[in-house]
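Using this note's numbering, you'd call the opening residue of the sequence shown number -18 and step up by one each time.
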Amino acid sequence: MQVKRLFVIITVLFSLLFPNFVQAQRSKVVSIRDANLASAIREEIGDSITTHTLLNLTRLEVPNRGITDLTGLQHAHKLRELDLGGEHIEGKGFVNSNKVSNFSPLTGLTNLKTLNLTYCSLSDVSFLTKLTQLRTLWLSNNPISDLSPLAGLTQLRSLYLFSTSVSEVSLISGLTQLTGLGISGDSLSDVSPLAKLTQLRTLLLSNNPISDLSPLAKLTQLTRLALGNNAILDISPLSNLTQLTRLYLWGNSISDISPLSGLRQLTALGLSDNDILDVSPLVGLDLKGTQWNSTGLYIESNPLSYASINTHIPAMQAKGIKVRYDLDLAKITGPWLWMIAPTQPWQGGARSINVDSLAAASSGAVTESGVAANGAKNGDTVGNYIWSLGRIAGFGGNNINDLLNSIGMAKGDINDHSSYALITLESATVQSGVTMKVGSDDAIKVWLNGEVVHNRPVDRGANDFQDNFTVDLEKGDNLLLVKVSERDGSWSMFVGIEADVNAVYKRPPDDVVSADVNGDGVVNIQDLVLVSSNFGQTGQNSADVNGDGVVNISDLVLVAGAFGEGAAAAPTLHPSDLEGLTAAEVQDLLTQARQMALTDPAYLRGIAVLEQLLTLLLPKETALLANYPNPFNPETWIPYQLEKPAEVTLRIYSVTGALVRTLALGHQPAGMYHNRSRAAYWDGRNSVGEHVASGVYFYTLTAGDFTATQKLLIRK
């Protein structure tokens, strides 16, 4: 017994004095199946790979090493940093030859602080649930969509999920220790769960369909924010993020950057490829760049105003700020109002630049000179096309074709057509002799305020400005129309002006006054009746709406097309508004209007209104209605309506059934016979002209195969 006790004491003392020797004796050789992994481990801990020596492995960086099996790595219990991700190769970008399918050996490595698994073809990250000591996790470029396994990793400080399929981030809203977060992949639109992550200093959310930034307003600790290539219009929620030093908003639809004026800590700002005209809100910022890049402001591919290019940017440059912008004259990208019209086959380009393709497509109802002088309305038609708004790119040799495809006006490559682009140049003052620059593929013609200011009948290609000429701008609105006629191949247009203007589409005012024939401030049935009653009149006449010297069906259709315009306009038509018109009259007017075969939008609207009137005037069923007044003395009116034309007879009977009077109304067209001018009339007399006695009588209407009876009362 004493010998055994002595042995135990000696063993304990030996293990205390020589711990490494004891552990080495207990250590087991670990089999690392993957030769590439084994080689990498030996580079870190030596040739011997045992359960003991693997405890010396605290860091392992093996990106793109051809590893397929992690078996054996589960014994590296003290591993703190592991990199199995991709590697950047010059000329190839990021690649990763590691093709691991089973990551279960990592589940017990609970001392891991940093883990990089980029480009690993991961879709399921459930093996990470126990790695609760993780501080930095890279999972970019994997088809990951479910983040629920990460919900318990509350010690995370940095999480990067670029180029993934993540669309829902509520499951990581509890990771409140995060200071850095990156997510991209064209899937994330709702960022409201991120509002809880108030410790964030870096937030990278580029390449997503995000439009609402209001949830980010509370992230006041942010110093770096990237929101490039999203769907952002309004950046006002960023105005309180006063700690920001770097902000990237390229590739959105931002026009107003005034919310950035108070971000005084900004040193680097990316605003390229937006809709920005005015950069004056940035003049007070000290955009000195970063230690890696001295350019402080990127603002290329924006429709910068004359003042921005010639006043505000030079003011920033004078303070030593480096600005990247389009040095050439900015292109007017719009949105313009667009229309296209076909030319004769094989006659596009130079051969058609002086041919009025609008007139040809509309049978003369719409002309180039008319549009150049008066503008056009978004939604109106010319031939088979609709005037539509669209923004054209300021670069590329086929930007018209690209635009037409993007707004749905055309599909694929379009040949032998002329395009028309309309915009208004707002000028605060008269500006004389300013330079306008244009480029075109093929021929180009330019009107300003109704006058031709440039005409280049040539077949050519273009991806920038080619022609210079001078124009005079009036104070206020200046209407600019640009026609580009294309033969085949590419189709492009570039327009710029060296003047302080604001380019915007403005809808021309509706001509209400001329259609308001009776001058009561609203266009309605009364105006229509006045025009109809003046048919054939010549000379000066308020009913001559189109001013061609004669009142005819054209004037009536224009008045119908203006229905509802004016201060007291009603939004819809009602049968009660139709006093003075019959279905037969409207049908006759419609027949005349359709024979005109006009395609002008104003006439088409008028025909549509006449069709609506006819529908209202044509009842859905034949009916006999109650007479009025009732009781009566000595006369009454008996209203009815006909679904279809019929021979109409009205008979009056006494209470005994004796026939008192027959009113043969004759053949009547379909329509409403409700008002006194159209309803059946009975003067209270019998068939021999004598006044009938007081009392109850019955009246029966017969119309074709329809018969109905009502009761009336004479009271004397």
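The beta carbon of each residue, even a glycine, is placed where N, CA and C say it ideally should be.
If you reduce the DSSP assignment to three classes, tell me which class residue i lands in.
| i | result |
| --- | --- |
| residue 677 | strand |
| residue 702 | With the chain covering -18 to 697 only, the question about residue 702 has no answer from this structure. |
| residue 297 | helix |
| residue 357 | coil |
| residue 687 | strand |
| residue 630 | strand |
| residue 499 | coil |
| residue 43 | coil |
| residue 517 | coil |
| residue 593 | helix |
| residue 108 | helix |
| residue 292 | helix |
| residue 657 | coil |
| residue 380 | helix |
| residue 173 | helix |
So is residue i buried or exposed if we call it buried at 16+ other beta carbons inside 10 Å?
| i | result |
| --- | --- |
| residue 22 | buried |
| residue 552 | Note that residue 552 has pLDDT 34, beneath the 50 cutoff, so the model's placement of it is unreliable and no number is given. |
| residue 381 | buried |
| residue 682 | buried |
| residue 542 | buried |
| residue 678 | buried |
| residue 464 | buried |
| residue 544 | buried |
| residue 672 | exposed |
| residue 669 | exposed |
| residue 207 | buried |
| residue 688 | exposed |
| residue 512 | buried |
| residue 56 | buried |
| residue 420 | buried |
| residue 124 | exposed |
Who are the near neighbours of residue i in its chain, counting only those whose CB is closer than 7 Å to its CB and skipping five residues on each side?
| i | result |
| --- | --- |
| residue 246 | 223, 224, 225, 226 |
| residue 685 | 627, 628 |
| residue 218 | 194, 195, 197, 198 |
| residue 379 | 471, 472, 473 |
| residue 355 | 489 |
Please list, in chain order, all residues of the same chain as residue i whose beta carbon is under 6 Å from its beta carbon, the five residues on each side excluded.
| i | result |
| --- | --- |
| residue 276 | 270, 303, 305 |
| residue 255 | 233, 235, 283 |
| residue 690 | 679, 681 |
| residue 334 | 424, 426, 438, 466 |
| residue 128 | 152, 153 |
| residue 774 | Nothing about residue 774 can be reported from this structure: the residues present for the chain run from -18 to 697 only. |
Residue range of the beta strand (DSSP E) that residue i falls in?
| i | result |
| --- | --- |
| residue 118 | 117 to 119 |
| residue 191 | Element bounds for residue 191: n/a, residue is neither H nor E. |
| residue 96 | 95 to 97 |
| residue 329 | Counting along the chain, residue 329 falls outside any beta strand (DSSP E), and DSSP gives it neither H nor E. |
| residue 150 | Element bounds for residue 150: n/a, residue is neither H nor E. |
| residue 704 | Nothing about residue 704 can be reported from this structure: the residues present for the chain run from -18 to 697 only. |
| residue 536 | It is not in any beta strand (DSSP E) - residue 536 instead sits in the alpha helix (DSSP H) that spans 534 to 542. |
| residue 459 | 457 to 467 |
| residue 436 | 432 to 437 |
| residue 422 | 412 to 422 |
| residue 726 | Not covered by the structure: residue 726. The range shown for the chain is -18 to 697. |
| residue 613 | Where residue 613 is concerned, there is no enclosing beta strand (DSSP E), given that its DSSP letter is neither H nor E. |
Spatial neighbours of residue i within its chain, please: CB distance less than 8 Å, with the 5 preceding and 5 following residues excluded, ordered by chain position.
| i | result |
| --- | --- |
| residue 396 | 329, 467, 468, 469, 470 |
| residue 167 | 188, 189, 190 |
| residue 264 | 293, 296, 297 |
| residue 221 | 198, 201 |
| residue 81 | 48, 49, 50, 51, 65, 101 |
| residue 114 | 91, 92, 93, 94, 136 |
Within the continuous alpha helix (DSSP H) that includes residue i, where are the two ends?
| i | result |
| --- | --- |
| residue 507 | 506 to 514 |
| residue 164 | No alpha helix (DSSP H) contains residue 164, which is instead part of the beta strand (DSSP E) from 161 to 164. |
| residue 339 | 338 to 342 |
| residue 20 | 16 to 26 |
| residue 651 | Careful: residue 651 lies outside any alpha helix (DSSP H) and carries neither H nor E. |
Would you please verify whether the beta carbon of residue i is less than 8 Å from any beta carbon of chain B?
| i | result |
| --- | --- |
| residue 126 | The structure shown contains no chain B, having only a single protein chain. |
Can you give the beta carbon distance from residue i to residue j, rounded, assuming they're within the 8 Å contact cut?
| i | j | result |
| --- | --- | --- |
| residue 53 | residue 78 | At roughly 19 Å, the Cβ-Cβ gap does not stay under 8 Å, so residue 53 and residue 78 are not in contact. |
| residue 612 | residue 695 | 7 Å |
| residue 324 | residue 338 | 6 Å |
| residue 621 | residue 645 | Actually they do not touch by this definition, with Cβ atoms about 14 Å apart. |
| residue 564 | residue 591 | Contact flag wrong, Cβ pair sits at about 11 Å. |
| residue 346 | residue 428 | Rounded, the Cβ-Cβ distance is 19 Å, inconsistent with contact. |
With a threshold of 7 Å, establish whether the CB of residue i neighbours any heavy atom of the ligand SAM.
| i | result |
| --- | --- |
| residue 300 | With respect to the ligand SAM, the structure shown offers nothing to examine, as it has no ligands at all. |
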